[in-house]
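2 protein chains.
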Amino acid sequence: MAFDPQSLHYDDKGLLPVVAQDHASGEVLMVAWMNAEAVARTVSTRKVTYWSRSRQAFWVKGESSGHVQRLVDFRVDCDRDCLLVLVEQTGPACHTNRRTCFYTAVRDDDEIELMQPEA
Amino acid sequence: MAFDPQSLHYDDKGLLPVVAQDHASGEVLMVAWMNAEAVARTVSTRKVTYWSRSRQAFWVKGESSGHVQRLVDFRVDCDRDCLLVLVEQTGPACHTNRRTCFYTAVRDDDEIELMQPEA
């Protein structure tokens, strides 16, 4: 079946959440948001492109930092309201310069920092 | 630092997205939503508990299907507006009886079904 970005189910702001996972390590790197046009650009350019809610603008991941995400595989969930992108990540995914945004664990009711920013 | 569910950043409906990942295989299983009380229940009971947006009720994953998610590790992202739960998944995670909700890939502009429902 031909894929149509308009066939996905976006929220009342026209967005859906996107999970980015490292295709090789399986590490979950980040969650960000796409609108239909960001979905179309991601699939056609293979450069993962989000919609920045804070800047209200397209966000080609890594365009300024160089920490780009090359699309390896694009997945849609059963409800068509969430995406999973498997990516080849250049450099750290997180704006704090850590490999993943999920660097804080909650263990025994305490917050633990699992990794440091990369040099 | 002591973890406080109220310290997370919820959206205008009081919810945040939660990625569930199989702790052993690394497979991303599903994305669902939690409010602050669901976060507190998940951390204290170790049974992953979402907020069902369709039913507007707490949703102890697997309570009716038996396909429970035991919490192995709980992660907070850099912006504190998204969670990652590493889980031990009993049975398929998806309501379609597939292992993961992300069973549809988009390749060469076509949708491809990657797996069948489990028997």
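Chains as they are written, first to last, in the UniProt record's numbering: chain W, 1 to 119; chain L, 1 to 119.
Heads up, the beta-carbon is just placed ideally off N, CA and C, and yes, glycines get one too.
Supposed close pair residue i, residue j - CB separation, criterion 8 Å
{"i": "L/Leu71", "j": "L/Val48", "result": "6 Å"}
{"i": "L/Cys78", "j": "W/Cys94", "result": "5 Å"}
{"i": "L/Ala20", "j": "L/Val106", "result": "The Cβ separation is near 22 Å, so there is no contact."}
{"i": "L/Tyr103", "j": "L/Glu113", "result": "6 Å"}
Buried or exposed by the 16-neighbour rule on C-beta atoms within 10 Å, applied to residue i
{"i": "L/Pro92", "result": "buried"}
{"i": "W/Arg75", "result": "buried"}
{"i": "L/Met30", "result": "buried"}
{"i": "L/Pro117", "result": "exposed"}
Proximity winner among the options, relative to residue i (alpha-carbon distances)
{"i": "L/Gln56", "options": "L/Asp110, L/Ala119 and L/Lys13", "result": "L/Lys13"}
{"i": "L/Val28", "options": "L/Arg41, L/Asp73, L/His95 and L/Cys101", "result": "L/Cys101"}
{"i": "W/Leu16", "options": "W/Glu63, W/Val39, W/Trp59 and W/Arg99", "result": "W/Val39"}
{"i": "W/Phe58", "options": "W/Ser64, W/Tyr50 and W/Ser65", "result": "W/Tyr50"}
Cα-Cα separation between residue i and residue j, rounded to whole angstroms
{"i": "L/Val68", "j": "L/Arg53", "result": "19 Å"}
{"i": "W/Thr90", "j": "W/His23", "result": "12 Å"}
{"i": "W/Glu37", "j": "W/Asp108", "result": "42 Å"}
{"i": "W/Met34", "j": "L/Trp33", "result": "17 Å"}
{"i": "W/Arg46", "j": "W/Asp73", "result": "9 Å"}
{"i": "L/Arg41", "j": "L/Asp4", "result": "12 Å"}
{"i": "L/Ser44", "j": "L/Arg80", "result": "19 Å"}
{"i": "L/Thr96", "j": "W/Gln6", "result": "23 Å"}
{"i": "W/Glu63", "j": "W/Gly26", "result": "23 Å"}
| Of all the alpha helix (DSSP H) runs that stay within the bounds of the segment 67–108 of chain L, which reach a length of 4 or more residues? | none
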